[in-house]
Amino acid sequence: MADFKLKIRRFDPESGEPAYWGDFDVDLPPERSVLDGILQVKDREDASIGIRCSCRAAICGSCGVRINGKSALACNTRIGEAAERARDGAITIEPMGNMPVVKDLITDMEAVHWKKVRRVVPWLLPAEEPPEHSEYIVPAEAMLDVTQAMACIHCGVCVSACLSMEVDPHFIGPAALAKAYRFVGDPRDGAEEERLKDLAEDPHGIYDCTHCFACVEVCPKDVAPMNQIMRLRRRATGDHGIKDDNNGYGHEKAFVNLIEKYGTLHEAQLLPRSFGDGSLVKGQIEPGAVKQLIESLPTALRGLKSGKVTPKKALLHPKLPDQDQVRRVFSEVESKDDRVELNLYIVGESGGEEAEA
Ligand code: SF4
Ligand code: SF4
Ligand code: FES
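The end of the sequence shown is residue 499 by our numbering, with every number in the run present.
See the structure below:
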């Protein structure tokens, strides 16, 4: 047994009082969970602490909180390890972020998470009528691509950690977009293009993610929501050529073209090329692109004034000395007929080596 200190964020909206920290001591073996610690406090000291939980085994998805500032399932976090990471010796436990707090550690999942999940039409829209007297048979290998997204337990931990959602609460978010890929990648679904167009055109859709990896890092089920968002983007741009009003298509093409040409990112060209179709000239002379270029002039002038951009930097960019190697990678990838989407549920932690074994 060991003694651990818990610092629990308390809040009762009905009291009219602001949130405050409650300090508690618990006595547990270090391999027990933070949830066990909270339940011990409830049992021995203060039964009024609000926490949602059920399975205590990282299955039901109900005990999401922030432990020492990091989003996690309380039942899936060892109390001893949390204590090692705690500042000032006390494990801080707060409600999840990006969601309204109902009471103490309980957040309103309906107001954010479930609303966003419903937004992506989370059910199959079959391409054809289901067979009348038999099951819809799908070859197992055709479903491999979506197994990772199917592992989601809807705990909301990724939503809590999402930095884009902090800035834009309307962002559809990691969990709902991972759910969207579960159906976009399903071979039985007949609405792939409509779904992708909808998510690409939404200003809070697939191009609102900033690749910060926070959702990948915290997800207890290795769903890697950011990877599912990247898959949605690849299908939207590469497979369907969806040119969206958010410049997501142009930005992706600009990025790829610049790396292929220079080996490193030519930042000064990224913005103007993103307004068009990613190429240097073609696309940038379209009326929409010209309008956006003009609107971005104040930003460019600010960059010039601060010295971040210089005429030399804007016009010239050195190629990598071994740029041929970068081009070789491009032609190798582009020569493949099929794109293989792999995930941890198929290849394991060691990736390709294991898959090849
Ligand atoms: S993607 Fe992961 S973190 Fe996000 S809701 Fe699903 S299981 Fe939870
Ligand atoms: S990678 Fe994207 S979806 Fe995931 S937490 Fe960051 S901004 Fe949010
Ligand atoms: S209690 Fe079910 S996931 Fe933690």
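The C-beta atom is built at its ideal place from N, Cα and C for all residues, glycine as well. Computed from a predicted structure; not experimentally measured.
Note the first and the last residue of the continuous alpha helix (DSSP H) segment covering residue i.
i	result
LEU181	176-186
VAL243	Taken as a continuous stretch (DSSP letters only), VAL243 belongs to no alpha helix (DSSP H), being part of the beta strand (DSSP E) at 243-245.
GLU402	390-404
ASP464	Element bounds for ASP464: n/a, residue is neither H nor E.
PHE417	409-417
ASP340	334-343
ALA200	It is not in any alpha helix (DSSP H) - ALA200 carries neither H nor E in the DSSP assignment.
ALA431	429-437
VAL502	The structure shown has nothing for residue 502, since the chain only spans 143 to 499.
LEU374	367-376
LYS321	316-326
LEU457	453-457
Assuming the contact rule is C-beta atoms closer than 8 Å, residue i and residue j should be a hit. Round their C-beta distance to whole Å, please.
i	j	result
ASN501	ARG227	The question about residue 501 has no answer, for the chain in this structure spans 143 to 499.
ALA199	PRO362	With a Cβ gap of about 11 Å, ALA199 and PRO362 do not count as contacting.
ALA366	VAL358	5 Å
MET238	ARG208	6 Å
GLU173	ARG220	6 Å
HIS346	ASP287	That pair is no contact at about 25 Å.
LEU138	LEU374	The requested residue 138 is not part of the displayed model; the chain covers only 143 to 499.
Can you give me the C-alpha to C-alpha distance between residue i and residue j, rounded to a whole angstrom?
i	j	result
SER157	ARG376	49 Å
VAL280	ASP328	10 Å
ILE436	ALA442	10 Å
ASP364	LEU422	39 Å
MET292	LYS455	46 Å
ALA232	PRO155	25 Å
LEU267	ARG152	43 Å
ALA214	CYS294	14 Å
LEU247	HIS393	40 Å
PRO414	GLU308	28 Å
LYS447	LEU412	19 Å
ALA189	VAL183	8 Å
ASP331	PHE313	24 Å
ALA225	PHE146	7 Å
ASP464	CYS304	37 Å
GLU495	ASP350	Unreliable positioning characterises GLU495 in this predicted model, as indicated by a pLDDT of 49, which lies under 50. The coordinate reading is nonetheless provided below. If you take the alpha carbons of GLU495 and ASP350, they lie about 33 Å apart.
TYR162	GLN290	39 Å
THR452	LEU458	10 Å
ALA91	HIS275	With the chain represented from 143 up to 499, any question about residue 91 goes unanswered, as that position is not in the structure.
GLU474	LEU407	21 Å
PHE472	HIS353	22 Å
SER196	PHE166	22 Å
LYS212	GLU483	29 Å
GLU187	ASP230	22 Å
Considering Cα atoms alone, identify which of the options is closest to residue i.
i	options	result
THR234	GLY164, ILE295, HIS393	GLY164
GLY222	TYR391, CYS294, VAL168, ILE248	VAL168
LYS245	SER204, CYS202, THR406, ARG194	ARG194
ARG260	ALA322, ALA410, SER175, GLU483	ALA322
TRP265	LEU413, PRO160, ARG337, ASP419	ARG337
ASN218	GLY390, VAL299, LEU412	VAL299
LYS450	CYS202, ASN388, GLU409	GLU409
GLY380	TRP256, CYS202, VAL254, GLU335	GLU335
PRO171	GLU270, GLY179, ALA144	ALA144
SER416	ASN389, ASN399, ILE191, VAL262	ASN389
LEU462	GLU402, ASP479, GLY445, SER473	GLU402
ALA318	VAL432, ILE384, VAL262, TYR404	VAL262
TRP256	CYS297, GLU483, SER477, LYS478	CYS297
ILE371	ALA269, PHE355, GLN434	PHE355
ASP387	VAL398, MET368, ASP419	ASP419
Just reading off the beta strand (DSSP E) that residue i is part of, what are its end residues?
i	result
ARG220	Looking at the DSSP string, ARG220 is not in any beta strand (DSSP E), and its letter there is neither H nor E.
THR234	232-236
ALA161	Segment: none, ALA161 is in no beta strand (DSSP E) and carries neither H nor E.
LYS147	144-152
VAL207	206-209
*Sequence ranges, alpha helix (DSSP H) only - wholly within the segment 248-314, length at least 4*: 257-261, 282-285, 289-292, 299-303, 305-309
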